[in-house]
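Let me begin by presenting the structure, written as structure tokens, before commenting on it.
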Amino acid sequence: MGILIQDVSKNFGSFLALDQVNLDIQSGSLVALLGPSGSGKSTLLRLIAGLEAPDQGEIYLTGENATQVRVQERNIGFVFQHYALFKHMTIRKNIAFPLEIRKVPKPQVRERVEQLLELVQLQGLGDRYPAQLSGGQRQRIALARALAVQPKVLLLDEPFGALDAKVRKELRAWLRHLHDEVHVTTVFVTHDQEEAMEVADEIVVMNNGRVEQVGTASEIYDQPASSFVMSFIGPVN
Ligand code: ADP
Ligand code: MG
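So the sequence shown is numbered by the UniProt record's numbering: it starts at 1 and just counts up by one.
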């Protein structure tokens, strides 16, 4: 499912958090929203998720006017930086939860949970509790849970932001690998240029609520659209 964002603006009081954003995200792609703190990345993600409504403009999923579709019907997976797993539930229970509230039959739930554990390469940890896992493992479980309902779109807001540098690096490669297997349209927010460049098919550079440039890592790096992009992307070593 692709995402088409047309002339979307969002105000908080008199503050313009998003200023006429246009974006066309191809179905099955892995896109990074890259920009400094306060540039509107999370706001844009929340609008795509339907957690908030734009003041102006439209967001379409597969050509359907998303503003007219209830969020629950969109089938969107969301992972936040501090996406808490349910502490009192085992890993298996955590992943099963979104399926159980949708009344998926038990044998199917069991099968799907095992598939997901395998997908995130954490087979064998299903009976543990979140506190018994590392931060990186917990975020992989959060991803498995987000993928449980086979979302059409996966939204990740700084999913690795709370982890240390080494684990972050591992998870980047892992996310790329996961996406290559699942092919779900994925938009992930980061302020880490290396992360964006390493993981994403396409990078959307944001600044002051505007989209400054869209392109592949090499396009943006070779031909920065503005001095801002140049200063933000800078030389990558
Ligand atoms: P980013 O994720 O790029 O750091 P955000 O989208 O979270 O940026 O925020 C963009 C701007 O909008 C920030 O200046 C922030 O303070 C403001 N903002 C975001 N959400 C709200 C809100 N609910 N109420 C008021 N201001 C907000
Ligand atoms: Mg943010």
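Note that CB positions come from ideal geometry on N, CA and C, so glycine has one too. Note that the structure is predicted; figures quoted are calculated from it, not measured.
Between the alpha carbons of residue i and residue j, how many angstroms are there, rounded?
{"i": "S37", "j": "M206", "result": "10 Å"}
{"i": "E170", "j": "G57", "result": "38 Å"}
{"i": "V104", "j": "L147", "result": "15 Å"}
{"i": "G28", "j": "T185", "result": "4 Å"}
{"i": "L30", "j": "R128", "result": "31 Å"}
{"i": "L33", "j": "L122", "result": "28 Å"}
{"i": "G234", "j": "H177", "result": "27 Å"}
{"i": "N94", "j": "P107", "result": "16 Å"}
{"i": "A217", "j": "M230", "result": "13 Å"}
{"i": "D157", "j": "R138", "result": "15 Å"}
{"i": "E114", "j": "I141", "result": "12 Å"}
{"i": "residue 261", "j": "D192", "result": "Absent from the structure is residue 261, since the part of the chain shown begins at 1 and ends at 237."}
{"i": "V109", "j": "G136", "result": "24 Å"}
{"i": "T190", "j": "M197", "result": "10 Å"}
{"i": "L44", "j": "L18", "result": "7 Å"}
{"i": "D201", "j": "V182", "result": "15 Å"}
{"i": "L133", "j": "L175", "result": "18 Å"}
{"i": "G77", "j": "R145", "result": "8 Å"}
{"i": "G2", "j": "Q26", "result": "5 Å"}
{"i": "V167", "j": "H179", "result": "18 Å"}
{"i": "R102", "j": "F12", "result": "34 Å"}
{"i": "I203", "j": "E194", "result": "11 Å"}
{"i": "A96", "j": "L51", "result": "23 Å"}
{"i": "M89", "j": "V149", "result": "18 Å"}
{"i": "G215", "j": "S227", "result": "16 Å"}
{"i": "S14", "j": "S42", "result": "18 Å"}
{"i": "E219", "j": "Q213", "result": "10 Å"}
{"i": "L85", "j": "R172", "result": "20 Å"}
{"i": "G223", "j": "F232", "result": "Sequence check: residue 223 is Gln here, not Gly. Each residue's alpha carbon lies about 13 Å from the other."}
{"i": "R92", "j": "Q20", "result": "42 Å"}
Taking DSSP's pairing of strands, which residues face residue i in a bridge?
{"i": "G77", "result": "L154"}
{"i": "S9", "result": "Q56"}
{"i": "T185", "result": "V153"}
{"i": "L4", "result": "D24 and Y60"}
{"i": "F160", "result": "According to DSSP, which records beta bridges pairwise, F160 is partnered with nothing at all."}
{"i": "V31", "result": "V187 and E202"}
{"i": "L16", "result": "N11"}
Does the beta carbon of residue i fall short of 6 Å from some heavy atom of the ligand ZN?
{"i": "T185", "result": "Looking at this structure, you won't find the ligand ZN anywhere; what it does contain is the ligand ADP and the ligand MG."}
Assuming the contact rule is C-beta atoms closer than 8 Å, residue i and residue j should be a hit. Round their C-beta distance to whole Å, please.
{"i": "H82", "j": "A162", "result": "6 Å"}
{"i": "L155", "j": "A49", "result": "6 Å"}
{"i": "F188", "j": "P159", "result": "6 Å"}
{"i": "L143", "j": "V79", "result": "6 Å"}
{"i": "N22", "j": "V211", "result": "7 Å"}
{"i": "D24", "j": "L4", "result": "6 Å"}
{"i": "K87", "j": "P54", "result": "The pair is not a contact, with the Cβ atoms about 35 Å apart (cut-off 8 Å)."}
{"i": "R112", "j": "L99", "result": "6 Å"}
{"i": "G209", "j": "L61", "result": "At roughly 22 Å, the Cβ-Cβ gap does not stay under 8 Å, so G209 and L61 are not in contact."}
Using a Cβ cut-off of 7 Å (strictly closer), state whether residue i contacts chain C.
{"i": "Q108", "result": "Going by chain labels, chain C is absent from the structure shown, which holds only one protein chain."}
| Cβ contact check for the segment 4-12 and the segment 112-120: 3 or more pairs under 8 Å | No: the two stretches stay apart, fewer than three of their Cβ pairs being nearer than 8 Å.
| request: Could you name each continuous beta strand (DSSP E) segment of 3 residues or more that falls completely within the segment 172-234, going from the start of the chain to the end? | output: Those beta strand (DSSP E) runs which fall completely within the segment 172-234 and span 3+ residues are 185-190, 202-207 and 210-215.
| said: Just to confirm the assignment: which complete alpha helix (DSSP H) runs, minimum length 4, are found wholly within the segment 95-149? | reply: Those alpha helix (DSSP H) runs which fall completely within the segment 95-149 and span 4+ residues are 106-119 and 135-147.
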